[in-house]
Amino acid sequence: MKNVLVIGMGKVGSLVGVLLSKRFAVMGMDKRHPNTELPFDVVLGDVNDIGFLEKTIPGFDAVVSAMPYNLNLPIAQTAHKFGIHYFDLTEDVPTTTAIREMAETATSVMAPQCGLAPGLIGIVGADLAKRFTRLRDIELRVGALPRYPNGLMGYSFTWSPAGVINEYINDAEVIHNGTKKMVPSLDGIEHIQIEGQEFEAFSTSGGLGTMCETYEGKVDTLNYKTIRYPGHAKLMKFLLYELILKDKRELVEQILTEAKPPVQDDVVYVYAVVEGWKGEELAREEFYEAYHPIEIDGKHWRAISWTTAASIAAVVEMVADGKLPQKGFIKQEDIPLDTYLETTNGQFFKVEE
């Protein structure tokens, strides 16, 4: 793998390009020129123009989509058609299902869900699960939040508003009492304490990726919840269901984006708990990290931007190095955490003690 096309030059996509350009020959693609200078060329094009995609994508060994979930399929279909490795950040279940079907006949890698959740959190959860002889519970939590919240919602849209609304509206897959089932997002509210700060966590769609399929019959409980400041879920339920804005996604995205623009000082919480038996002894293993903004090449990057970008870039590296299968669908929980953390971009997640 030498040449990589990164589609979508927003905050995350442009950083994916920056990180990958340290090793690969990178080309960016977007409908418009990026706002900042980048260390690689950017070609202008529209992902809805299939003819353009079919002329452009075959010139690369891999394509990384940093587009909103609803724009990924044409890119994946083109990559599949021409045998090009494909990676994306989607949390959308129907999109992933369609890509899995393509992967059955793929001659290249089809790796969606390479962000934080799904993505890193599944890699972490599976690593903890390997330490047990028999499992009971796997509980995974991630939150991307303003470090200094204001207002009742206590939130800012530091990543795709379309993705946030999508995971709030669609049902979430879980394993409960040993049975795989769907539960409503924004439900199952729990209160948690992290370093003396109170938060809430609630079910959202897509965060587990394919883990319910992988662990069905092996656990009593498996769930993923999004971490927010207290009161967030109640306000979102009011907005989406009492005001019935769930049927007007573009409108609610516009309202929330204008009301809660991104902040520069954010924090990403990643927390996983696994319980089960080690031999005859009941045990519990935990993973917790708080990731903050960092500088890369002298530029400030929000926590949500660099954690998402570094996560997908690490998976690209692993495929390039032959550390992962070279064709077909890649489940995030099949990616070894130790190997992931040893990649150039995975090392960003090694927090010094």
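Numbering (our numbering), first residue to last: 1101 to 1453.
The beta carbon of each residue, even a glycine, is placed where N, CA and C say it ideally should be.
Fill in: Burial state of PRO1212 (16 or more Cβ within 10 Å)
buried
Worksheet entry | Alpha carbon of LYS1337 to alpha carbon of VAL1242, nearest angstrom | About 20 angstroms.
Item to complete: Would you check if the distance between the CB atom of ASN1445 and the CB atom of LEU1119 is smaller than 8 angstroms?
Response: Going by C-beta atoms, ASN1445 is nearer than 8 angstroms to LEU1119.
Discussion item. Looking at ARG1455: is its Cβ nearer than 8 angstroms to the Cβ of GLY1376?
Written reply: Residue numbering for the chain in the displayed model covers 1101 to 1453; residue 1455 lies beyond these limits and cannot be assessed.
Worksheet entry | One or two residues paired with GLU1298 in a DSSP bridge | GLN1293
Discussion item. Does LEU1105 pass the burial test, meaning 16 or more other C-beta atoms within 10 Å, or should it be called exposed?
Written reply: buried
Discussion item. If contacts are defined as beta-carbon pairs under 8 angstroms, then GLY1331 and LEU1252 qualify, I think. What distance do you get, rounded to the angstrom?
Written reply: 6 angstroms
Item to complete: Below 6 angstroms CB to CB, which residues in the same chain sit around TRP1259 once its five sequence neighbours on both sides are set aside?
Response: ILE1404
Worksheet item: Buried or exposed: where does HIS1180 fall if 16 or more other Cβ atoms within 10 Å of its Cβ makes it buried?
Response: Here HIS1180 is buried, its C-beta having at least 16 other C-beta atoms within 10 Å.
Worksheet entry | Neighbourhood of ALA1420 by C-beta, 7 angstroms cutoff - its chain only, sequence neighbours within 5 removed | MET1101
Item to complete: Assign HIS1332 to one of three DSSP states: helix, strand, or coil.
Response: helix
Practice prompt. Give the DSSP-derived three-state secondary structure of LYS1378 in the structure shown.
Written response: Residue state, collapsed to three classes: strand.
Worksheet entry | Contact the region 1151 to 1169 vs the region 1258 to 1277: 3+ CB pairs below 8 angstroms | yes
Discussion item. Can you look up ILE1107 in the DSSP assignment and give me helix, strand or coil?
Written reply: In the structure shown, ILE1107 sits in a strand (DSSP, three-state: E or B).
Worksheet item: Should PHE1218 be labelled buried (16 or more other beta-carbon atoms within 10 Å of its own) or exposed?
Response: It is Pro, not Phe, that sits at residue 1218 in the sequence shown. So PRO1218 counts as buried.
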